[in-house]
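Q: Numbering (our numbering), first residue to last: 349 to 609.
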């Protein structure tokens, strides 16, 4: 049987250190992965005052917003012992459990703030102290909504995202792949997609926005449309490597039909 992604190039835009597993999964499905990281992840160094302010066990809940937050926070802060721990998705929960930390709550069907806010344990957090460990910048929905529900919310920026330097050979390979019409762009967030469009603007890669785009959820799909994406948008249920790869396999496997998400 022909592999479902045979003859396709899948552009992997994850940070370089996090790209290998997804690249291997799509390669196993017959695709040619093209590594084109658009962002780099760098830890934010916490001084003594910040480490005291963000001591996990001074809070009722500690929320980790990504596996990057797990890596950067646990390199500088004590592991939570008394505080309950929540994660925004399954991949983040898995990263915490790999470090020996029990995860009390995470959304089962999504990997975002909306899913976390739907959990019963955060329905009425009035009077609770909640620490959110996150990347610099980003969305404010989780903080704003928990505060609106009566929680005392403290933010800890433990890492930052930086634009990755342009790789001329990878960008040339991207232009060539887009010209074939058999390319899939995998972008795990609106920020990743925006960085890609900066690296490969319309005048340098005019066919990019006509490519098939794989994203984790309707929110990122909506951002893509706002960015002027013209091609097919395939929406996965989460940003985990396996979920993204399995979604592509279903979309392009036997019995699939063309269309837009």
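Even glycine gets a Cβ: it sits at the ideal position worked out from N, Cα and C.
Just the C-alpha distance for residue 466 and residue 349, rounded to the nearest angstrom, thanks.
A: Translated into positions along the chain shown, residue 466 becomes position 118. Translated into positions along the chain shown, residue 349 becomes position 1. The straight-line gap from Cα to Cα measures roughly 42 Å.
Q: Helix, strand or coil: which one does DSSP assign to residue 404?
A: Counted from its first residue, the chain shown places residue 404 at position 56. In the structure shown, residue 404 sits in a helix (DSSP, three-state: H, G or I).
Q: Looking only at its own chain, which residues have a Cβ that is under 6 Å from the Cβ of residue 598, when we skip the five neighbours before and after it?
A: Your numbering for residue 598 matches position 250 in the chain shown. Excluding sequence neighbours, residue 598 sits near nothing in its chain.
Q: Nearest by alpha-carbon distance to residue 518: which of 369, 384 and 422 is it?
A: The residue given as residue 518 occupies position 170 in the chain shown. Considering only alpha carbons, the answer is 384.
Q: If you follow the alpha helix (DSSP H) that residue 575 is part of, which residue opens it and which one closes it?
A: For the purposes of this step, residue 575 is taken as residue 227 along the chain shown, with counting starting at 1. Where residue 575 is concerned, there is no enclosing alpha helix (DSSP H), given that its DSSP letter is neither H nor E.
Q: If you scan the region 487-570 from start to end, which runs of the beta strand (DSSP E) of 3 or more residues do you find wholly inside it?
A: For the region 487-570, whole beta strand (DSSP E) runs of length 3 or above, ordered along the chain, are 500-511, 531-534 and 560-564.
Q: When the Cα of residue 416 is compared with those of 455, 424 and 391, which residue comes out closest?
A: Reading the chain shown from its first residue, position 68 is the one you call residue 416. When only C-alpha atoms are compared, the closest one is 391.
Q: To the nearest angstrom, how far is the alpha carbon of residue 425 from that of residue 403?
A: Stepping through the chain shown from its first residue, residue 425 is reached at position 77. Stepping through the chain shown from its first residue, residue 403 is reached at position 55. Answer to the nearest angstrom: the Cα atoms are 7 Å apart.
Q: Taking buried to mean at least 16 other C-beta atoms within 10 Å of its own C-beta, is residue 460 buried or exposed?
A: Looking up residue 460 in the chain shown gives position 112. By the 10 Å Cβ count, residue 460 comes out buried.
Q: As a quick exercise: from 555, 480, 394 and 419, pick the residue whose alpha carbon is nearest that of residue 365.
A: Taking the chain shown and counting its residues from 1, the one referred to as residue 365 is at position 17. Residue 365 has its Cα closest to that of 419, out of 555, 480, 394 and 419.
Q: Going by alpha carbons, who is nearest to residue 510 out of 525, 526, 516 and 486?
A: The residue labelled residue 510 in the question sits at position 162 within the chain shown. Ranking 525, 526, 516 and 486 by Cα distance to residue 510 puts 486 first.
Q: In terms of residues, what are the limits of the alpha helix (DSSP H) holding residue 388?
A: On the chain shown, position 40 is the one that residue 388 refers to. Here residue 388 belongs to no alpha helix (DSSP H); instead the beta strand (DSSP E) covers 387-391.
Q: Quick one: which unbroken alpha helix (DSSP H) runs of 4-plus residues sit fully inside the region 446-476? Chain order, please.
A: The region 446-476 contains these whole alpha helix (DSSP H) runs: 461-465.
Q: Between the alpha carbons of residue 479 and residue 575, how many angstroms are there, rounded?
A: The count along the chain shown starts at 1 and reaches residue 479 at position 131. The count along the chain shown starts at 1 and reaches residue 575 at position 227. So the alpha carbons of these two residues sit roughly 33 Å apart.
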